[in-house]
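*Asks:*
Numbering (the working numbering), first residue to last: 31 to 620.
#1: Quick check on the DSSP output: what are the complete alpha helix (DSSP H) runs of length 4 or more inside the stretch 203-264, in order along the chain?
#2: Is the distance from the Cβ of residue 448 to the Cβ of residue 60 below 7 Å?
#3: Which residues mark the beginning and the end of the alpha helix (DSSP H) in which residue 68 is found?
#4: Considering only the beta carbon of each residue, do residue 190 and residue 444 sit closer than 7 Å?
#5: In this structure, what does DSSP give as the bridge partners for residue 554?
#6: According to the Cβ coordinates, are residue 534 and residue 502 closer than 7 Å?
#7: Counting only the same chain and skipping the five closest in sequence on each side, list residues whose C-beta sits under 6 Å from that of residue 253.
#8: Within 10 angstroms of the Cβ of residue 170, are there 16 or more other Cβ atoms? Answer buried if so, exposed if not.
#9: Please report how far the alpha carbon of residue 592 lies from the alpha carbon of residue 458, in whole angstroms.
#10: Just verifying my parser: in three-state terms, what is the DSSP assignment at residue 516?
#11: Quick test of your reading: residue 438 and residue 55, contact by CB under 8 Å. State the CB separation rounded to the nearest angstrom.
#12: Using the beta-carbon count (16 or more within 10 Å), is residue 585 buried or exposed?
#13: Residues in the same chain with beta-carbon distance under 8 Å from residue 347, minus the five sequence neighbours each way, listed in chain order, please.
#14: Give every residue of the same chain whose Cβ lies closer than 7 Å to the Cβ of residue 309, excluding the five residues on either side of it in the sequence, and list them in chain order.
#15: Report the partner residues of residue 591 according to the DSSP bridge assignment.
#16: Please name the residue or residues paired with residue 500 in a DSSP beta bridge.
#17: Do residue 41 and residue 175 come within 7 Å of each other at the CB atom, strictly closer than that value?
#18: On the three-state DSSP scale, how would you describe residue 619?
#19: Buried or exposed: residue 551, going by 16 or more other Cβ atoms within 10 Å of its Cβ?
#20: For residue 359, which residues of its own chain have a beta-carbon under 8 Å away from its beta-carbon, when the five flanking residues on both sides are left out?
#21: If you follow the alpha helix (DSSP H) that residue 423 is in, where does it begin and where does it stop?
#22: Mapping the DSSP letters down to three states, classify residue 350 as helix, strand or coil.
#23: When you compare only the Cα positions, how much space is there between residue 144 and residue 492?
#24: My output table needs one value for residue 87: the three-state DSSP class, helix, strand or coil.
#25: Give the range of the beta strand (DSSP E) segment to which residue 284 is assigned.
#26: What would DSSP say about residue 511, mapped onto helix, strand or coil?
#27: Decide if residue 50 is buried, meaning its Cβ has at least 16 other Cβ atoms within 10 Å, or exposed.
#28: Residue 76 bridges to which residues according to DSSP?
#29: Under 7 Å, do residue 248 and residue 368 count as touching if we go by C-beta distance?
#30: Check for me: the beta strand (DSSP E) holding residue 115 runs from which residue to which?
#31: Thinking C-beta only, is residue 559 closer than 7 Å to residue 544?
#32: Helix, strand or coil for residue 603 per DSSP?
#33: Helix, strand or coil: how does DSSP classify residue 526 here?
#34: Can you tell me where the alpha helix (DSSP H) holding residue 297 begins and where it ends?
#35: Looking at the structure shown, is residue 560 part of a helix, part of a strand, or coil, going by DSSP?
#36: Once DSSP output is grouped into helix, strand and coil, what is the label at residue 566?
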């Protein structure tokens, strides 16, 4: 009876309904940090054309005035790489955000989240339809569709509005593969046009859609047996070439950030990182250790090797058992090759489940095929490879029992962070006098408490200071000294940019040197000393007025809030104590 239900022609609709129901709780999430930035830009008067090209832009060295303005507003930290480029070409996704923020202004968040949930439902339906094309109208196709629909790794992606671009790219990408399959197997001529068009929509939604190329290539290598199977890929290659030329010509790309490595600009660095990130992503997709934990815990504690080792060990066991169960299965080979190739396209960003929407299409198919092969062996009384039963039980527990429970929980996590950002904003001064002052944050222990606070204030429409001055981010003790009337010198015990999350606007590949200087209006920053690994160890901040001037509003993060700070007297010093803060603290009331 279960197999009959899974083989039903209604399975795409069922998968869509399941994905919709399990991610629907995210409609109360509100806005996360990037969402606030996009809303602020639209409400500050950006036209749709500018949003289409610049919505997903965080820094552009070709527009130095814009970079300086972003630093002055607090949107960009002073320690950003001198030639930081962080621009994505995502016009289709950008226009959906622009239309919503223009229509709803400072409201309507539930409707925006419902929009994202509907994209997830559409993606689940398209994936289910693809499985029925590849596996046939079988219960295995239905099982794979169910596994994909309940995958808890999709939760954060759906629940964070800024990640709608990934949902759109994945949906258009799977539509492209469906059209290509119908063209090659059924001779469906519209597929020759619709497939490349869908790929174009994929790339104009998000560059993450490149992962679909792994599935298309695997299809040509393994499944396509028709004449000119590789020639059929030429239109897709032409679309990619046109996109890439436009991407570079318009100044899009990523350079200087520690959060993303451009595979085209730095192929060797990318390949080295992939060796570390692929095991983490494989374990996240097929196993029980979410890649999201890498950023929030493992990398911060120097335990990346634990996730890499766990992923590599899990992969070795899985490959052995799967080879014994499903060797000779051409469809399984297609999904396996597609899984590996698509993984190769998602190792640019730091490891996170948000980048596994396309990879997960092959991952869910592999799990379903493994469970089917295991069940068939047992049903016919055949020998089951050693360890296969344990893996099968683990797959069922992780992906069919716990995943549907965790999916709505993880879809709601961005909401907890959103409420944390709102609480942080409430701690920032909001009196009318602030509009004529520079707000100087001497030190905060976590990046969200620094320049992100300025973005939330702009988005919410509250009183913003004339300028934001976030001097540094350090959870360690910080020595503060004052050599003269207008200068403050900070010396964190372990230097700045100590943790991975601090490198989002400056990669460790862009070192500091003593004497580095950043000039901003009425403000200059000079790196006096650096650590052994070329991070700022001592920084002098030169103001245009005495530190007691009424135009400066001083604050420091202490005891769960932005507390008033009094600069030491000339020639004096003081020490700020260590203050630990992390992602999880955003979910707690200060």
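For glycine and all other residues, C-beta sits at the position ideal for the given N, C-alpha and C.
*Replies:* Working from what's here:
#1: Listed in chain order, the alpha helix (DSSP H) elements of length 4 or more contained wholly in the stretch 203-264 are 220-233 and 242-248.
#2: Cβ atoms of residue 448 and residue 60: closer than 7 Å.
#3: From DSSP, the alpha helix (DSSP H) with residue 68 extends over 63-73.
#4: The Cβ-Cβ distance between residue 190 and residue 444 falls below 7 Å.
#5: Bridge partners of residue 554: 549 and 572.
#6: Result no, Cβ atoms of residue 534 and residue 502 do not sit closer than 7 Å.
#7: Excluding sequence positions up to five before and after residue 253, its CB lies within less than 6 Å of the CB of 364, all in the same chain and listed in chain order.
#8: It is buried - the Cβ of residue 170 has at least 16 other Cβ atoms within 10 Å.
#9: Approximately 7 Å between the Cα atoms of the pair.
#10: The three-state reading of DSSP puts residue 516 in coil, since its state is none of H, G, I, E or B.
#11: Between residue 438 and residue 55, the beta carbon gap of about 5 Å places them in contact (Cβ cut-off 8 Å).
#12: Answer is buried; the Cβ neighbour count reaches 16.
#13: In the same chain as residue 347, and ignoring 5 residues on each side of it, the C-beta atoms closer than 8 Å to its own belong to 417 and 421, in chain order.
#14: If we look at residue 309 and ignore the five residues flanking it on each side, its Cβ neighbours are 338, 341, 342 and 345.
#15: Note: residue 591 sits in a beta bridge opposite 588.
#16: Bridge partners of residue 500: 471.
#17: In contact: residue 175 and residue 41 (Cβ atoms closer than 7 Å).
#18: Confidence in residue 619 is poor, its pLDDT being 44 and thus under 50, which makes the residue's placement unreliable; the coordinate value appears in the next sentence. Of the three classes helix, strand and coil, the one that applies to residue 619 here is coil, per DSSP.
#19: The Cβ neighbour count for residue 551, taken over all protein chains shown within 10 Å, is under 16; the residue is labelled exposed.
#20: Within the same chain, Cβ atoms closer than 8 Å to the Cβ of residue 359 are found at 399 and 403, the five residues on either side in sequence being excluded.
#21: Its alpha helix (DSSP H) spans residues 418-426.
#22: Residue 350: helix per DSSP, three-state reduction.
#23: Approximately 27 Å, taken between the alpha carbons.
#24: Correct three-state label for residue 87: strand.
#25: Taken as a continuous stretch (DSSP letters only), the beta strand (DSSP E) holding residue 284 covers 283-285.
#26: Note: residue 511 maps to strand in three-state DSSP.
#27: By the neighbour-count rule (16 or more Cβ atoms within 10 Å), residue 50 is buried.
#28: Note: residue 76 sits in no beta bridge, so no partner.
#29: Against a cut-off of 7 Å, the Cβ pair of residue 368 and residue 248 comes out as a contact.
#30: Per DSSP, residue 115 belongs to the beta strand (DSSP E) from 115-117.
#31: The beta carbons of residue 544 and residue 559 sit closer together than 7 Å.
#32: For residue 603, the three-state secondary structure derived from DSSP is strand.
#33: Residue 526: coil per DSSP, three-state reduction.
#34: Run containing residue 297: 297-316, per the alpha helix (DSSP H) assignment.
#35: Residue 560 falls in the strand class under three-state DSSP.
#36: Residue 566 falls in the strand class under three-state DSSP.
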